[in-house]
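Visitor: Chains A and B are the protein sequences, given in the same order.
Quick note, the first sequence lines up with residues 1 to 313 if you use the working numbering.
Quick note, the second sequence lines up with residues 1 to 450 if you use the working numbering.
Positions of the beta carbon are idealized from the N, C-alpha and C atoms, including for glycine.
For reference, the structure I am asking about is given below.
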Amino acid sequence: MTKKIRYNGRFRQTFIYLGKLLRMFIYQNDWKVLPMAAIIAGLVTFAVGNNIFKTQEGTLSGCFSLVCVCIWNGFFNSIQSVCRERPIIKREHRSGMYISSYIVAHMLYQMMLCMAQTVILIVICNIAGMDFPDKSLITGSFMADFGISLFLITYAADMLSLALSCLVKNTTTAMTVMPFMLIFQLVFSGGLIYLEGPAEKLTSLTIARWGLEDLCTLADYNSQPMVTLWNTVFKFRAMEIDGYKPIEILTDSILQEGKLDQVLQESGLYNTNPAYNYLPGTIWKCWAILLVVIVVSSAASIMLLQFIDRDKR
Amino acid sequence: MQYLMHEYSLLYQAAAWFLTALGIWKILEKCHQKGFWGLIPGFRYYKLAQAAGRESEGVMALVFEIPMYFLLAVSLFIPADDPCQRFISLAVIACGLIMIIYKIRVTAGLARTFGATVLWSILWAAIPYFPALLWGYSRRYQPVNLGKVAENELLAGTAPAVLPAALDHNASDDGLVIHIRQRTAWDFLRRRYLLKDINLTIPNGSLVLLLGGSGSGKTTLVNAINGYEKADATILLNGVDVYENYEQMKYRIGYVPQQDLLRQNDTVNSTLQDAAKLRLPAGTNSSEIHNRVTEVMDSLGMTSGRSGLVAKKSGGQKKRISIGMELISDPELFILDEPDSGLDGVIARELFEKLKEIADTGKIVITITHIPDRVADLFDYVIVLARDSGRVGRLAFFGTPDQARNFFGQPTMERVVMCVNRKDEGGEGRADEFIEKYARMTMESEAGND
């Protein structure tokens, strides 16, 4: 029996790999994800305009866009991070590296990246003049609630993409599969495309759905005015029936009596979504689900990478 | 009318399926396989793929065909207006398309086996019963490349040891004792022998050359020796069982892969420092790590450029870094897979001289190389692996380089490899002869010792 020598365990190895990843951040141009996040955030806030947090339509499309930015950032952060160095991982694994340490190091590193991207996104939103609400459901500060939500969405997407990176054998496959994952997230978010039946059930599987629910609840979507109805009706002002313009009469009367805001607000009440009820429980539920995605994806990453020894030579 | 058309279509499909099955039955018989597989959906293309030497494609065709039939069967029990039918249809279409691609690959391989053009695979995809019946029943179509593929595959999967096993060496407390009874791998539904009956003892302080043609099992052997891919074997390193104590022994065995598997955008120093942190015992302090890294770099002649990125280093320097990563833990057994690949003669010679210096410190260094003659004088021992007629890797020789040249009657090591390589690889195809000769010689030697 050989004398037992103790080697660095999982905890120490995690920090060896975290150090390596932080060096890669500088040397391997991983830092580029940060300016990329800023550019995407800038483009989206420019496109979303200032209607977010003001009207139901603006809030829904704005929140959806922010969720898209987060998912995009998360996916791109880690999609290639494991598969691009798979043969190296295999070599190091046979030399004593623990897969769990390697993945946990990635999780910590990606957490830092996601935090930085969340801060960048919030700063860009501020610069773009977004008018944030001042009420909070959880922490007492809207910006803190909003930041945690954006971070969790980004990090959940990041961990899902890390699991994919552990599953596939090379970067080509990863980059081929990623658009499908992205499209699935966007189509089945349940936000912009109306879904029903089995398709509606699929929305529960997407980060986008819970992210959107989270942000719309924080924005208090249900108490906001709805403008689509008024805008649509207003388009038909000139409609004439038997020499009579009923819609023009209606709209003029609303405008003359100064009841437009009341009409818009009342319209909003008919367009509420129970999923976005302004309650702390809704937020806690969304955060919990996003955390489950993070935990399950991380566990899947570790399990999938355990099969690395079976890779063909 | 529509009903008649529907019935006709069903009848046609059933007839086409049956005719294809009959044709494949005969094709499989021509390829020395059991014909009844032709009647079993999924497996018939798998068996054709085996005959065509395209087994992996056959497996994929099978993997997609079986779920497709399963889904079709499930859809029969679900109402036509159920939304699930849409998902099932999508899955069936996806499986069907992928299956067709793999079937085309299988039939393209089959065309080669029958000495026909790969364009036949188009016919196989469109009207499979026609080529199946033609190739199955016409005497004009015979498998011309079968001897190289199917017969040997069959032997490799089923044959027991066809040659007497070399006798075991006495277990020794010094050096590396290798006693591999067999190393097998499951290849889908078959067990395949990769290595058989490899018994030898390497003394400490030896630089060993591992020779053999491609596919002779060199990498499989080194993976079995270092315990990474365990075989039915006993491997003792200085009296310690490598398999039983793998978690400890893996730090005492260094393995340098053929490719330079290094993070190109990390510095040389950090690469070696991290390797040291992973492979040196816990509690080694940073100054000890620094000293060990310096020591290894000095011993490999890498005194300058420590802070440079790995990507900026030359091929030879990268190879040294790769070796240094393993050398850092001062392993007792050091295995290198083609360390000279991509290096010119002078650099390669220098590298092997370094390896000889490492061996001279009392370690065992085993290297695989395809250009052995430029450094043949440095080796203490040569292991020659060869693939027998059943495609199983066996020991064809173990001894000193001079003994090897005498044993094979060849002037150079490269000629030794040529003479055990298969004819279709450009060799002389004398592997079985030398495997048997060496086994007999070992037995006689053991009998003499007794």
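How should B/Q182 be labelled, buried or exposed, when 16 other C-beta atoms within 10 angstroms of its C-beta is the threshold for buried?
Guide: Taking the first residue of the second sequence as position 1, residue 182 of chain B is located at position 182. Result: buried.
Visitor: Secondary structure at A/L195, three-state DSSP: helix, strand or coil?
Guide: What you label residue 195 of chain A is simply residue 195 of the first sequence in a count that begins at 1. Coil, per DSSP.
Visitor: What's the gap between the Cα of B/K452 and the Cα of B/R391?
Guide: Residue coverage of chain B in this structure runs from 1 to 450, which leaves residue 452 of chain B outside it and unanswerable.
Visitor: Just list the residues that DSSP pairs B/R191 with in beta bridges.
Guide: Position 191 of the second sequence holds residue 191 of chain B. BP columns for B/R191 point to B/W186.
Visitor: For the region 275-290 of chain B, which residues have a beta carbon sitting closer than 8 angstroms to at least one beta carbon of chain A?
Guide: Listed by position along the chain: A275, K277, L278, R279, L280, P281, A282 and G283.
Visitor: Tell me whether B/S304 is buried or exposed, calling it buried when 16 or more other Cβ atoms sit within 10 Å of its Cβ.
Guide: By 1-based counting over the second sequence, the position of residue 304 of chain B is 304. The residue is exposed, with fewer than 16 neighbouring Cβ atoms inside 10 Å.
Visitor: I need the straight-line Cα distance from B/Y243 to B/D402, nearest angstrom please.
Guide: For the purposes of this step, residue 243 of chain B is taken as the residue at position 243 of the second sequence. For the purposes of this step, residue 402 of chain B is taken as the residue at position 402 of the second sequence. So the two alpha carbons sit approximately 33 angstroms from each other.
Visitor: Any contact between the region 215-235 of chain A and the region 44-62 of chain A? By contact I mean 3 or more CB pairs, one from each, below 8 angstroms.
Guide: Yes: at least three Cβ pairs fall under 8 angstroms.
Visitor: For B/D266, would you say it is in contact with chain A, using Cβ-to-Cβ distances shorter than 8 angstroms as the test?
Guide: Along the second sequence, one-based indexing puts residue 266 of chain B at 266. At least one chain A Cβ lies under 8 angstroms of B/D266.
Visitor: What's the C-alpha gap between B/I506 and A/K312?
Guide: Nothing can be reported for residue 506 of chain B, as the shown portion of chain B is limited to 1 through 450.
Visitor: Consult DSSP for B/G393 and reduce its assignment to one of helix, strand or coil.
Guide: In the second sequence, residue 393 of chain B corresponds to position 393, counting from 1. Residue state, collapsed to three classes: strand.
Visitor: Closest by CA to A/M303, which one among A/N273, A/D131, A/V48 and A/S100?
Guide: If you number the first sequence from 1, residue 303 of chain A lands on position 303. The candidate whose alpha carbon is nearest that of A/M303 is A/S100.
Visitor: Under 8 angstroms between C-beta atoms, does B/L194 make it to chain A?
Guide: Translated into positions along the second sequence, residue 194 of chain B becomes position 194. Cβ-Cβ to chain A under 8 angstroms: no for B/L194.
Visitor: Please work out which residues of its chain come closer than 7 angstroms, Cβ to Cβ, to B/S420, disregarding the five sequence neighbours upstream and downstream, and give them in chain order.
Guide: For this step, residue 420 of chain B is matched to residue 420 along the second sequence. Going by the sequence as given, residue 420 of chain B is Val instead of Ser. G213, V384, A386, A396, G427, R430, A431 and F434.
Visitor: Classify A/K4 as buried or exposed, calling it buried when 16 or more other Cβ atoms lie within 10 Å of its own Cβ.
Guide: For this step, residue 4 of chain A is matched to residue 4 along the first sequence. Exposed.
Visitor: Which of helix, strand or coil does DSSP assign to B/F352?
Guide: To locate residue 352 of chain B, count along the second sequence from 1; it is residue 352. It is helical.
Visitor: Can you tell me the Cβ-Cβ gap for B/I321 and B/T267, rounded? I've got them flagged as a contact below 8 angstroms.
Guide: Walking along the second sequence from the start, residue 321 of chain B turns up at place 321. Walking along the second sequence from the start, residue 267 of chain B turns up at place 267. So it is not a contact: roughly 10 angstroms between Cβ atoms.
Visitor: Can you tell me the Cα-Cα spacing of A/M178 and B/T400, whole angstroms?
Guide: Here residue 178 of chain A refers to the residue found at position 178 when the first sequence is read from its first residue. Here residue 400 of chain B refers to the residue found at position 400 when the second sequence is read from its first residue. Taking the straight line from one Cα to the other gives about 55 angstroms.
Visitor: Where do the N-terminal and C-terminal ends of the alpha helix (DSSP H) with B/F408 fall, by residue?
Guide: If you number the second sequence from 1, residue 408 of chain B lands on position 408. Its alpha helix (DSSP H) spans residues P401 to F408.
Visitor: Can the beta-carbon of B/R292 be found closer than 8 angstroms to that of B/I328?
Guide: To locate residue 292 of chain B, count along the second sequence from 1; it is residue 292. To locate residue 328 of chain B, count along the second sequence from 1; it is residue 328. In contact: B/R292 and B/I328 (Cβ atoms closer than 8 angstroms).
Visitor: Just the chain A side, please: which residues come within less than 7 angstroms of B/P257 by C-beta, in chain order?
Guide: In the second sequence, residue 257 of chain B corresponds to position 257, counting from 1. Correct list: R91.
Visitor: In chain order, what residues of the region 74-107 of chain B put their CB closer than 7 angstroms to some CB of chain A?
Guide: Within the region 74-107 of chain B, the residues whose Cβ lies closer than 7 angstroms to some Cβ of chain A are P83, listed in chain order.
Visitor: Output, in chain order, the set of chain B residues within a Cβ distance shorter than 9 angstroms of A/I103.
Guide: Taking the first sequence and counting its residues from 1, the one referred to as residue 103 of chain A is at position 103. The contacting residues do not exist; A/I103 stays about 16 angstroms from chain B at best.
Visitor: DSSP state of B/F398, grouped into three classes?
Guide: Position 398 of the second sequence holds residue 398 of chain B. B/F398: strand per DSSP, three-state reduction.
Visitor: Can you grab the Cα-Cα spacing for the pair B/L378 / B/K250, in whole Å?
Guide: On the second sequence, residue 378 of chain B is found 378 positions in, with the first residue counted as 1. On the second sequence, residue 250 of chain B is found 250 positions in, with the first residue counted as 1. If I take the Cα positions, the gap works out to 27 angstroms.
Visitor: Distance check for B/L48 and B/I104, CA to CA, integer angstroms please.
Guide: Numbered from 1 along the second sequence, position 104 holds the residue referred to as residue 104 of chain B. Numbered from 1 along the second sequence, position 48 holds the residue referred to as residue 48 of chain B. About 12 angstroms.
Visitor: Taking CB distances under 8 angstroms as the criterion, tell me whether A/Q256 reaches chain E.
Guide: Protein chains in the displayed structure are A and B, and chain E is not among them.
Visitor: Quick check on the DSSP output: what are the complete alpha helix (DSSP H) runs of length 4 or more inside the region 108-188 of chain A, in order along the chain?
Guide: Counting whole runs of 4 or more residues, the region 108-188 of chain A contains the alpha helix (DSSP H) stretches 142-167 and 171-187.
Visitor: With distances taken between CB atoms, is the gap from B/I335 to B/V416 smaller than 8 angstroms?
Guide: The count along the second sequence starts at 1 and reaches residue 335 of chain B at position 335. The count along the second sequence starts at 1 and reaches residue 416 of chain B at position 416. Not in contact: B/I335 and B/V416 (Cβ atoms no closer than 8 angstroms).
Visitor: Can you pull the chain A neighbours of B/S270, defined as C-beta to C-beta under 7 angstroms?
Guide: By one-based count along the second sequence, residue 270 of chain B stands at place 270. Going along chain A in sequence order, the residues near B/S270 (Cβ under 7 angstroms) are R23.
Visitor: What's the call for B/D274, buried or exposed, on a 16-neighbour Cβ count within 10 Å?
Guide: Walking along the second sequence from the start, residue 274 of chain B turns up at place 274. The residue is buried, with at least 16 neighbouring Cβ atoms inside 10 Å.
Visitor: What is the DSSP secondary structure of B/A233, reduced to helix, strand or coil?
Guide: The residue you call residue 233 of chain B lines up with position 233 of the second sequence. In this structure, B/A233 counts as strand in the three-state DSSP scheme.
Visitor: So that I know if they touch, is there some Cβ in chain A lying closer than 8 angstroms to that of B/Q248?
Guide: The residue labelled residue 248 of chain B in the question sits at position 248 within the second sequence. With 8 angstroms as the cut-off, B/Q248 counts as an interface residue toward chain A.
Visitor: By Cβ distance below 8 angstroms, which residues in the same chain neighbour B/D174 in space, the five residues on each side in sequence not counted?
Guide: Working through the second sequence from its first residue, we reach residue 174 of chain B at position 174. Cβ neighbours of B/D174 beyond the five flanking positions: P203, N204, N238 and G239.
Visitor: Please list the partners that A/Q28 has in chain B, where partner means a Cβ-to-Cβ separation under 7 angstroms.
Guide: For this step, residue 28 of chain A is matched to residue 28 along the first sequence. Result: N265.
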